[in-house]
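Peer 1:
Protein chains: 2
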Amino acid sequence: MRAVQLVSETQGLQLVDWPMPDPKEGFNIIQVSHAALNHRDLWISKGRYAGIKYPVILGSDVCAFDENKRRVIVNPGFNWGDDPRVQSKSFHILGMPEHGSFAEYVSVPVQHIYSAPAHLTDAQVSALPLAGITAYRTLVIKCKPQAGENLLITGIGGGVALMVLQFALALKLNVYVSSSDHSKIEQAIQLGAKGGVNYLDSKWDVEVLDQSGGFDMIVDSAGGESFSKFPKICKPAARIAMYGGTNGVISNLSPQQLFWKQISIYGSTMGSPSEFAEMLSFIIQFKIIPIVDSIYELADFNSAFNRMNSKQQFGKIVLNVSK
Amino acid sequence: MRAVQLVSETQGLQLVDWPMPDPKEGFNIIQVSHAALNHRDLWISKGRYAGIKYPVILGSDVCAFDENKRRVIVNPGFNWGDDPRVQSKSFHILGMPEHGSFAEYVSVPVQHIYSAPAHLTDAQVSALPLAGITAYRTLVIKCKPQAGENLLITGIGGGVALMVLQFALALKLNVYVSSSDHSKIEQAIQLGAKGGVNYLDSKWDVEVLDQSGGFDMIVDSAGGESFSKFPKICKPAARIAMYGGTNGVISNLSPQQLFWKQISIYGSTMGSPSEFAEMLSFIIQFKIIPIVDSIYELADFNSAFNRMNSKQQFGKIVLNVSK
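First to last, the protein sequences are chains G and F. Using the working numbering, the first residue of the first sequence is number 16, and each one after it goes up by one. Using the working numbering, the first residue of the second sequence is number 16, and each one after it goes up by one.
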């Protein structure tokens, strides 16, 4: 079968001809239609990830067909474990160490396979799993939002941030966004955000406070210096949830603002199997359509990775594996 | 009546003869037996507090007798408001702007007066309110501890930290402490803590991790540089609660550790009226006896303030107002 494989540290990603997965007890081999990229794939391809093994077929997100031609979606978080609060030590994600979805066929645990939401195209289904579960746990499970509350989403444009935006709109939150790219702010406003600010503007915090009147929730994936401004623009009893840290360590965070305003900060990553099922129900109930930035043929995977590396995308970057 | 009053910015604290409080609708005038010091009193007396008004009688904690000679305790957090999650904008604490308990009589809202727990001396009753409610909300309400979990309490010796220790032991937690003072660690261990470390030791984090195997909860009042080591010594799904920030801003905090371990950080201050009532029931149920460091006569208030300023105390510093 054709597959996009991380061959070795020096040889990087290549389109290869690779044996079909072996049948395995408790696993189904499904035929991939579309597979979406995640930053995880980019970081692994650059060697910036813990415990990389070679060779490996990357890819965590997939829309596929099972042996009965049923269209399916896969929960890519394996071995969550028994604790709903946190993943177990053996937790891992489809697409390393197991071979992932950037291939014509992929072998996945039977209990991780769900019928795909009928209102979505194959590309949209593939855009959903990892971003969807991360966004759902971060916003819905951790922050427990109430209709009418104000939410700031930092770094709008990435897959998770956009899913948070769409979930928040379904829950009737007042959503504000930040980005370094004016056109992404405009696109978010067209989707339903009430406002947005450019975080490169030194007064972004004052500006977004003026726009919103303060935030009940902030969902962040950056960390870094900006994080210290969050308590100031939070309302009392606010919740700050973070699922990433692309800008590095948090500094200059005021304990006084945190305790006097009774602010909570939640670290969050991925989600449990029952949360994945809840997320799918939520997507179906509210007819949410994940935003696809672009679709590339499997052989054109380099363009897809370059697109992600450029940070210009607004939504998920998808590979059409059937082409 | 005799009272310890903060006379003016230049004149500082003085023992004065001051008029009895005026009768006021909804308030009772109670006769003070004992009153405990809080760091708040020290900071106000040094001018390091927002919105200081002069002259003012300090003191938030009190054991007193009402007009029927009933021994009473007072919830010192006024105007909490309707939201259990956070205090309202008009929230304030007995002992500025209202005259406080360092006087022979104090006027307090009727609904803030409770019967004092019978198993405590007057000095112990006065040691309870502000430290008790702060500790109860921080540990019990925010962290939701389960028997058998591991808890680190930083800066043991202060009133709140010691109440957290006593509540935690009642809840059958495994408690570890930190201090810069070896004798305070020893005293905590005699009270029931399983271990402790000196936080001036550069390897305190490694040492306390070795002792405990990692923490389900950390209760902190310092913030500062040490805070960044907390996620490393936390178990997955840990809760970090903070009610103070004496060491200033938090820096070098890793987002990756927070989200991957699904750690929550809770800012917490004081507590709601229903939490105060819960705290009293808890004290009575578990026969908890607040730790009194020392008792001074009212006229010797300077010695009491100097004792607090020296940071040598282990438990609450109390004024015997009847002497």
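C-beta atoms are modelled at their ideal positions from N, C-alpha and C, and glycine is treated no differently.
(1) For a contact meaning CB atoms closer than 8 Å, what does Phe274 of chain F contact in chain G?
(2) Tell me whether Gly282 of chain G sits in a helix, a strand or coil according to DSSP, three-state version.
(3) Taking all protein chains shown into account, do 16 or more other C-beta atoms lie within 10 angstroms of the C-beta of Lys159 of chain F, making it buried, or fewer, making it exposed?
(4) Let me see if you follow: with CB-CB separation under 8 Å, is Val101 of chain F close to chain G or not?
(5) Taking 8 Å as the CB-CB limit, is Gln161 of chain G close to chain F?
(6) Relative to the C-alpha of Gly174 of chain G, which candidate in G:Asp308, G:Asn94, G:Ile44 has its C-alpha closest?
(7) Helix, strand or coil for Leu143 of chain G, going by three-state DSSP, please let me know.
(8) Between the region 242-253 of chain G and chain F, which residues of the former have CB atoms less than 7 Å from a CB of the latter, in chain order?
(9) Contact defined as beta carbons within less than 8 Å: I believe Gly41 of chain G pairs with Pro99 of chain G. What is the distance between those atoms, to the nearest angstrom?
(10) Check whether the Cβ atoms of Ala79 of chain G and Met16 of chain G lie closer than 8 Å to each other.
(11) How big is the Cα-Cα spacing for Phe245 of chain F and Ala256 of chain F?
(12) Under 7 Å between beta-carbons, which chain F residues line up against Val264 of chain G? List them in chain order, please.
(13) Contact defined as beta carbons within less than 8 Å: I believe Ala203 of chain G pairs with Asp231 of chain G. What is the distance between those atoms, to the nearest angstrom?
(14) Distance cutoff 8 Å, beta carbons only. Does Ile148 of chain F sit that close to anything in chain G?
(15) For Asp137 of chain F, which residues in the same chain have their Cβ closer than 6 Å to its Cβ, ignoring the five residues on either side in sequence?
(16) Of all the options F:Leu28, F:Lys61, F:Phe301, which has the alpha carbon lying nearest to the alpha carbon of Lys187 of chain F?
(17) List the residues of chain F that Asp98 of chain G touches, going by C-beta distances under 9 Å, in chain order.
(18) For Cys78 of chain G, which residues does DSSP report across the bridge?
(19) For Leu21 of chain F, which three-state DSSP category applies?
(20) So is Gly330 of chain G in contact with chain F if we call contact Cβ pairs under 8 Å?
(21) For a cutoff of 8 Å on Cβ pairs, would you count Ser289 of chain F as touching chain G?
(22) Using the beta-carbon count (16 or more within 10 Å), is Met178 of chain F buried or exposed?
(23) Considering only the beta carbon of each residue, do Val145 of chain G and Ser75 of chain G sit closer than 8 Å?
(24) Taking 8 Å as the cut-off, does the region 210-220 of chain F touch the region 195-202 of chain F (at least 3 CB pairs, one atom from each stretch)?
(25) For the region 240-294 of chain F, list the alpha helix (DSSP H) runs that are entirely contained and at least 4 residues long, ordered along the chain.
(26) Who pairs with Asp32 of chain G in a beta bridge, going by DSSP?
(27) Can you list, in chain order, the residues of its chain with a C-beta nearer than 7 Å to that of Ala185 of chain G? Leave out the 5 residues immediately preceding and following it.
(28) With the cut-off set at 8 Å, would you say Lys218 of chain F and Tyr191 of chain F are in Cβ contact?
(29) From the DSSP output, read off the bridge partner residues of Asn165 of chain G.
(30) Whether or not the region 151-158 of chain F and the region 269-276 of chain F are in contact is what I'm after, with contact meaning three or more pairs of Cβ atoms, one per stretch, closer than 8 Å; do they touch?
(31) What's the gap between the Cα of Ser283 of chain F and the Cα of Gln277 of chain G?
(32) Can you name the residues that DSSP bridges to Val234 of chain G?
(33) Name the two residues that bound the continuous alpha helix (DSSP H) containing Val223 of chain F.
(34) Which residue wins for smallest C-alpha separation from Leu57 of chain G, given the options G:Phe93, G:Glu312, G:Pro91, G:Met323?
(35) For Gly173 of chain G, go through chain F and note every residue whose CB falls closer than 8 Å to its CB, in chain order.
(36) Excluding sequence positions up to five away, which residues of its chain have a Cβ less than 8 Å from the Cβ of Ser318 of chain G?
Peer 2: With the structure as the only source:
(1) Met257, Tyr258, Gly259, Gly260, Gly282, Ser283, Thr284, listed in chain order.
(2) strand
(3) exposed
(4) yes
(5) no
(6) Nearest C-alpha to Gly174 of chain G: G:Asp308.
(7) coil
(8) Pro251, Ala252
(9) Not quite, the Cβ-Cβ distance comes to about 23 Å (not below 8 Å), so this is no contact.
(10) no
(11) Straight-line Cα distance between these residues: approximately 11 Å.
(12) Asn267, Leu268, Ser269
(13) Rounded, the Cβ-Cβ distance is 18 Å, inconsistent with contact.
(14) no
(15) Ser48, His49, Cys78
(16) F:Phe301
(17) Chain-ordered, the chain F residues with CB closer than 9 Å to the CB of Asp98 of chain G read Pro251, Ala252.
(18) Partner residues in the beta bridge of Cys78 of chain G, as assigned by DSSP, are G:His49, G:Ile88.
(19) Three-state result, Leu21 of chain F: strand.
(20) no
(21) no
(22) buried
(23) Going by the sequence as given, residue 145 of chain G is Leu instead of Val. For Leu145 of chain G and Ser75 of chain G, yes; Cβs fall inside 8 Å.
(24) yes
(25) 245-248, 270-275
(26) G:Arg17
(27) Phe301, Ile303
(28) The Cβ-Cβ distance between Lys218 of chain F and Tyr191 of chain F does not fall below 8 Å.
(29) G:Asn189
(30) no
(31) 5 Å
(32) G:Ile168, G:Ala256
(33) 219-227
(34) G:Met323
(35) Correct list: empty, because the minimum Cβ distance to chain F is about 15 Å.
(36) The beta carbon of Ser318 of chain G sits closer than 8 Å to those of Tyr311, all from its chain and outside the five residues before and after it, given in chain order.
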